[in-house]
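In terms of the UniProt record's numbering, the sequence shown opens at residue 1 and continues consecutively. Even glycine gets a Cβ: it sits at the ideal position worked out from N, Cα and C. It should be emphasised that the depicted structure is a prediction, and the values quoted were computed from it without experimental measurement.
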Amino acid sequence: MTAERRNARPASLPIRIVRARTNNLKDVTLDIPKHRIVVFTGVSGSGKSSLVFDTIAAESQKQLNETYSSFVRNRLPHYGQPEADGLYHLPASIVVDQKRLGGNARSTVGTATDIYALLRLLFSRIGEPHVGESSVFSFNHPQGMCLDCQGLGNVDSIDVDSLVDWSKSLNEGPLRFPAFGVGSARWKRYALTGFFDNDKKLGKYTAAERHRLLHEDGTPVTHPLPGWYASTKYEGLIPRFKRSYLERELEELSKPERDALSRIVRREPCPACGGGRLNARILACRVRGKNIADCAAMEVGDLRDFVRSLDVPEVATVVSAMADRLHHMVNIGLDYLALDRETASLSGGESQRVKMVRHLGSSLSDIAYIFDEPSIGLHPRDVHQLTDLLTRLRDNGNTVLVVEHDPDVIAIADHVIDIGPNAGADGGRIVFEGSVDALATASTTTARALAKPRALKTRPRHASGYLQIENASMFNVSNVSVRIPLGVITVVVGVAGSGKSTLVHRILPRLHPNVVRIDQSALGGSRRSTPATYIGILDPIRDRFAAASGLPAGLFSTNSLGACPECRGIGLVRTDLAFMDAIEAPCETCDATGFSDQARSFRLDGSSIADVMKMTIPAAKDFFASDEAIRAPLERLERVGLDYMTLGQQLSSLSGGERQRLKLATELARTGRIYLFDEPTSGLHIADIEKLLRLFDELVARGDSVLIVEHNLDVMAHADWIIEMGPGAGHRGGQIVFEGTPSDLTKATSSITGPFLRKHVGDARQTRSRAN
């Protein structure tokens, strides 16, 4: 072999996809260039995620996992087999998605980013007095944790007056908790003990009776009333609540139980450690006057400056590594967080950016980094920091695949792949691929939306009244007074961490409990839950089938008589192969519908119940056009832009933005409401945002009020009134820096947002001028 041939390197082969059919993809065949920033665009539901996450990422990670032993594979995430004829030249991939980090109360920003491990090492080396190795600075270590709170930093106490209605007797149901109603098993454990007069008001109990009801534990029940559990000893309300609810993870409780707990449980900093999670001996160890809990409680930006000030040669490497990671957090707009912030409290966008920190200092190359709308939750000021990050990953020899709607992120793409033309069954095709400049001259929905003129609202509506907030304080919001107008669209803006959500979603509902919060939190339910069940039309649909067939309604339910006996109504059959990857395949018996043969055998106007569950919202609306109870909710789903969904789609597959719009659809039947939205444009294409704004206009026109926390500049331009929080994040925020119309905002010298809004509409004017 010649030296020339030995030294020759083949050109990087593109990622090749052949006839991909996952979800709504229509036999997509595509070459994706490597070592480039490739942005995938398209309307919501067009198939972007099906291609990028369910096909490319799933196959890449599945094949990588197959290189490990069967024992290790059993402990790794399991990925399904994408539907495609072939996928070739796949790089190893790292997915940075919007799934919340979650975790329990011991999972913090510091532990998730590994910065806290470096902080522990720092204190173990130069902290005075020396108290031990780095492990003892962990709040999970027996020698380090505060024993009073077990390293959690706070203690939960039960507000007895919120739990017990002292004006009622046991027979009248005095316990304000779902599982303790009159006649329930838990109620019987008090009413049937023989200890109490069940007709006596609890407020008239003697001190001994009150103590027994609340605190006594382990007392034998010697003369119970009929129905008492013979083997059970008496357990007072407080110890029972601590054991049954406070000592369990919240995820294990039902939503009614979690809601009830939030009303009766008070969480306070642990008095022993002051919230620091560690015992007194560990907290006595200090560096420059600060203990490790002080450092973990500092905002990231301040902690970075503190760490950089440590000029101690023996820890120079640790200081450098910490400073770099903290600087990365500042650069991606997380300077307002603290290392002791619990990961469960982070938003989807914050979770995604915390995950990014893990990869920013990596020296790996030839990796595919896959991002799911990384601009979500970012103020326009911070988007350029995100684009710098994506560029750095590419320049380090990696391939960067991004699903995104933000024009500023699309603008940095080396290659754009537009999927459509529409959503659902009308999507799943490649409608454009090429450069950003070429996209500007294309005729796709994305190209038209990007080129569409943008303008400020010239005639804002006038308020019909106001909600008043006076001298309010919570978290970083300090002594704030503001009037929120009614009968208009009001948008609350500001950089991430400025106090927007605290003001609108925490303070306002406490002062004005009649407001309706429409957020992106999980919808609850099981894996069988669907839009049809959530919107409340599945029972009427089953009743229609039952009435027409003369069969019981339960036959048309996958949770009841109509469930497929093979898959038990799930539609999938799972085969556990011990240490090998479990296989989950469509059920052949029911054709993956979840319905039995008998349920599918009856047809209503030519369609079986399984056919109906596969219908999109418009198709189902036409099918049930004569049934108001079914058609009206479906129309509401159309109005909120979810027309591409099917009735039987799993709720667990919905994005945060889709969950928010589904919640709104359930509320639209009632008027005169005050709606609070949390970044409703999340996951929405520019064209879909226009539909959402039209819906907001409809709400206001019929007498509703709309209040939105948002970063999207199109939403700001459409507002009647804008309130800006700031000026910065964390302790540098929490104040009202602007109130007025969008036009006034573009001229406000105190506003951080104003210049970006001015540029946004200015760029549109320049685009129109060039076009003319």
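- By the CB criterion at 8 Å, asparagine 198 and leucine 170 fall inside the cutoff.
- Below 8 Å, enough C-beta pairs join the segment 161-169 and the segment 198-207 to call them touching: three or more.
- Secondary structure at asparagine 471: strand, using DSSP grouped into helix, strand and coil.
- Burial check for threonine 746: the Cβ neighbour count within 10 Å reaches 16 or more, so the residue is buried.
- Close CB contacts of proline 129 within its chain, under the 8 Å cut and outside five residues either way in sequence, are with Ala284, Cys285 (chain order).
- Linking aspartate 161 to leucine 175 through their CA atoms gives a straight-line distance of about 10 Å.
- The segment 507-520 and the segment 618-637 do not touch, with fewer than 3 CB-CB distances between them shorter than 8 Å.
- Out of Ile674, Thr55, Phe177, the CA that lies nearest to the CA of alanine 260 is found in Phe177.
- The C-alpha of proline 680 lies about 11 Å from the C-alpha of glycine 377.
- In its chain, beyond the 5 residues on either side, Ser608, Ala610 have a beta carbon closer than 6 Å to the beta carbon of arginine 600.
- For the options Thr55, Leu439, Arg120, the alpha carbon positioned closest to that of leucine 30 is the one of Thr55.
- In the DSSP assignment, the residues bridged to phenylalanine 738 are Glu724.
- The C-beta of tyrosine 466 has fewer than 16 other C-beta atoms within 10 Å across all chains shown, which makes the residue exposed.
- Taken through DSSP and simplified to helix, strand or coil, glutamate 247 comes out as coil.
- The C-beta distance from glutamate 350 to leucine 334 rounds to 7 Å, short enough to fall under 8 Å.
- Straight-line spacing of the CA atoms in serine 743 and histidine 379 works out to 19 Å.
- Around the beta carbon of phenylalanine 71, fewer than 16 other beta carbons lie within 10 angstroms, which makes this residue exposed.
- Taking valine 383 as the centre and dropping the five residues before and after it, the same chain places the C-beta of Ser375, Asp408 closer than 6 Å to its C-beta, in chain order.
- With contacts defined as CB atoms closer than 8 Å, asparagine 559 and arginine 527 fail to qualify as a contacting pair.
- Per DSSP, the unbroken beta strand (DSSP E) holding aspartate 418 starts and ends at 415-420.
- Apart from sequence neighbours up to five positions away, the residues of its chain that approach alanine 719 with a beta-carbon distance below 6 Å are Ile489, Val491, Pro742, ordered along the chain.
- In the structure shown, glutamate 404 adopts coil according to DSSP, grouped into three states.
- In this structure the segment 35-47 lies against the segment 405-423, because at least three pairs of beta carbons, one per stretch, are closer than 8 Å.
- If you draw a straight line from the Cα of aspartate 406 to the Cα of proline 565, it is about 46 Å long.
- Counted as a single uninterrupted DSSP element, the stretch harbouring leucine 118 is not any beta strand (DSSP E) but the alpha helix (DSSP H) occupying residues 115-126.
- Ranked by Cα distance from valine 330, the options Leu664, Ala316, Leu192, Val300 are led by Val300.
- Here the segment 357-374 lies against the segment 387-404, with 3 or more beta-carbon pairs under 8 Å apart.
- Just measuring C-alpha positions, the residue of Arg568, Ala423, Asp305, Asp302 sitting nearest aspartate 643 is Ala423.
- Around leucine 192, the same chain offers Pro224, Leu225, Pro226, Gly227, Trp228 as residues with beta carbons nearer than 8 Å, after the five sequence neighbours per side are excluded.
- With 16 or more other CB atoms across the displayed protein chains lying within 10 angstroms of its CB, lysine 621 is buried.
- Taking C-beta separations shorter than 6 Å and ignoring five residues to either side along the sequence, the partners of serine 50 in its chain run Thr22, Asn23, Leu25, following chain order.
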